[in-house]
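Numbering (full-length UniProt numbering), first residue to last: 1 to 182. Note that the Cβ used here is the ideal one computed from N, Cα and C, for glycine as well. Source: prediction; values computed, not measured.
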């Protein structure tokens with residue numbers, strides 16, 4: 001009698017059980033890795049948008065701003081950056097504290113991860129949410145308020161040390177750091 005090569009039903013069941021346990025352990029870790037990578041990527045995109053706005057301000061010799069936007073044509077009044085953001089030539093009055101006036105739209109970012117948390121604030125002494133960041137014609141951070149405070153953007157949507165904090169100095173230079181997620 002000839003013996004057929006193959007798996008028995010018991011061997012197949014044991015293999016499937018081991019595979020199910022391995023997947024049960026790996027999938028949550030994989031999902032978290034995906035969220036962390038998404039957070040880091042979004043932070044890099046925000047830093048790129050800020051650098052783009054600054055370089056366009058220098059290149060054009062005009063004020064250029066970045067604001068939260070959901071439609072690519074207007075700024076949101078609220079600090080709701082996860083809707084998207086817009087870089088544009090700012091034709092606001094000479095007072096740097098005035099709300100932005102869109103002259104020419106330069107670029108629009110949309111399709112932001114809905115799980116992301118993006119906050120843009122002024123730094124100490126009293127942090128406050130801001131709805132736009134303005135660069136002047138020399139690439140410096142235009143005054144956001146009467147105190148001339150710097151701006152800070154924080155992008156999260158993760159666990160671990162994958163949150164990205166972007167500080168915009170008064171000279172317009174950016175620095176990014178990784179922080180612990182909330």
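According to DSSP, residues forming a beta bridge with residue i
i	result
residue 135	64 and 141
residue 155	118 and 164
residue 102	90
residue 54	In DSSP, residue 54 forms no bridge with anything.
residue 129	121
For residue i, the nearest candidate out of the options (CA to CA)
i	options	result
residue 99	4, 106 and 78	78
residue 42	101, 82 and 24	82
residue 110	68, 121 and 51	68
residue 72	108, 63, 23 and 50	108
residue 59	7, 106 and 26	106
residue 190	113, 4, 9 and 127	Because residue 190 is not part of the residues shown, which for the chain are 1 to 182, the question remains open.
residue 163	172, 171, 118 and 129	118
Contacts around residue i, its chain only, beta-carbon distance under 7 Å, and the 5 residues preceding and following it disregarded
i	result
residue 28	none
residue 85	49, 66, 67, 68, 69 and 109
residue 57	63, 64, 135, 136, 137 and 139
residue 128	121 and 122
Whole-angstrom distance between residue j and residue i, CA atom to CA atom
i	j	result
residue 153	residue 181	14 Å
residue 120	residue 155	9 Å
residue 115	residue 7	45 Å
residue 165	residue 91	28 Å
residue 51	residue 22	43 Å
residue 11	residue 35	36 Å
residue 172	residue 16	57 Å
residue 32	residue 38	10 Å
residue 5	residue 179	56 Å
8 Å CB neighbourhood of residue i in its chain, flanking five on each side removed
i	result
residue 76	67, 68, 69, 70, 83 and 131
Cutoff 6 Å; reference residue i; Cβ partners in own chain excluding five residues on either side
i	result
residue 167	152 and 175
residue 133	66 and 151
residue 25	none
residue 177	165
is_contact[residue i, chain C] using C-beta, thresh 7 Å
i	result
residue 66	No chain C appears in this structure, which consists of one protein chain only.
Proximity below 7 Å, CB of residue i to CB of residue j
i	j	result
residue 103	residue 87	no
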